[in-house]
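If you want this note's numbering, it's the 1-based position in the sequence shown plus 4.
Virtual Cβ for every residue (Gly too), placed ideally from N, Cα, C.
Quick caveat: nothing in here was measured; it's all calculated off a predicted structure.
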Amino acid sequence: MTSHPSHIAIGENEYVETLGLELDAIEPGLVIEHRPGFAFSLAEARYRSALAGDHAPVAVDPAFAALAGGGEAAIAQTWVLTAVVAATTRAFGRVVANLAWENVRFPGPVRDGDFVLVTSTILGKRNSASRPEQGILHVRTDAVTRGGTEVCSFERRLLVYRGASAPHRAAGYA
5 MTSHPSHIAI GENEYVETLG LELDAIEPGL VIEHRPGFAF SLAEARYRSA
55 LAGDHAPVAV DPAFAALAGG GEAAIAQTWV LTAVVAATTR AFGRVVANLA
105 WENVRFPGPV RDGDFVLVTS TILGKRNSAS RPEQGILHVR TDAVTRGGTE
155 VCSFERRLLV YRGASAPHRA AGYA
């Protein structure tokens, strides 16, 4: 089993928390549980929709959302996707760019108070042909409620820094 330490010693009794896994430490089949998970609230979802300028009735009108959600208001899918992606940023903190999004699905609704857990699986990895200091990861991310209902899944292709080429160390990150 490969170790992926969350902290690196930088002195006697002094550690720095790492930010993201380095490309060379990641292999296809690796599964990452993005913890601790998070709870959705309808009030926060409505607030974030307003900030983003999303004025779709399902995002801002609880009565409409309840009618569209089968009698109970559902959280807007745009906010669900945003929150799920945000949950992956600690593990994928060495990403240069998102290259592609594929197979984005919302198989079940997220309701007010649902607690969601996010997991990512590395499907593939290759070196970049044009950027030798970087590589490309193919990642599937799945989000399920604590009760086991799948609410969001997608695949991404990420351009990721290789170890020493990343600006992280020069900026004080491990």
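Taking 8 Å as the cut-off, the beta carbon of Thr149 is found closer than this to the beta carbon of Phe119. Distance from the Cα of Ala29 is smallest, within the candidate group Arg161, Ser10, Asn17, Glu16, for Ser10.
By the Cβ test, the segment 119 to 133 is in contact with the segment 32 to 43, since at least three Cβ pairs between them sit closer than 8 Å. Assignment of Val100 by DSSP, reduced to helix, strand and coil, places it in the strand class. Residues Pro32, His142, Val143, Arg144, Glu159 of the same chain have their beta carbon placed closer than 8 Å to that of Leu127, with the five preceding and five following residues left out of the count. Here Asp146 carries a strand assignment [DSSP, helix/strand/coil].
Between the alpha carbons of Arg94 and His38 lies a distance of about 8 Å.
Counting along the chain, Val114 sits inside no beta strand (DSSP E), nor does DSSP assign it H or E at all. Rounded to the nearest whole angstrom, the CA to CA distance from Ser134 to Ala70 is 49 Å.
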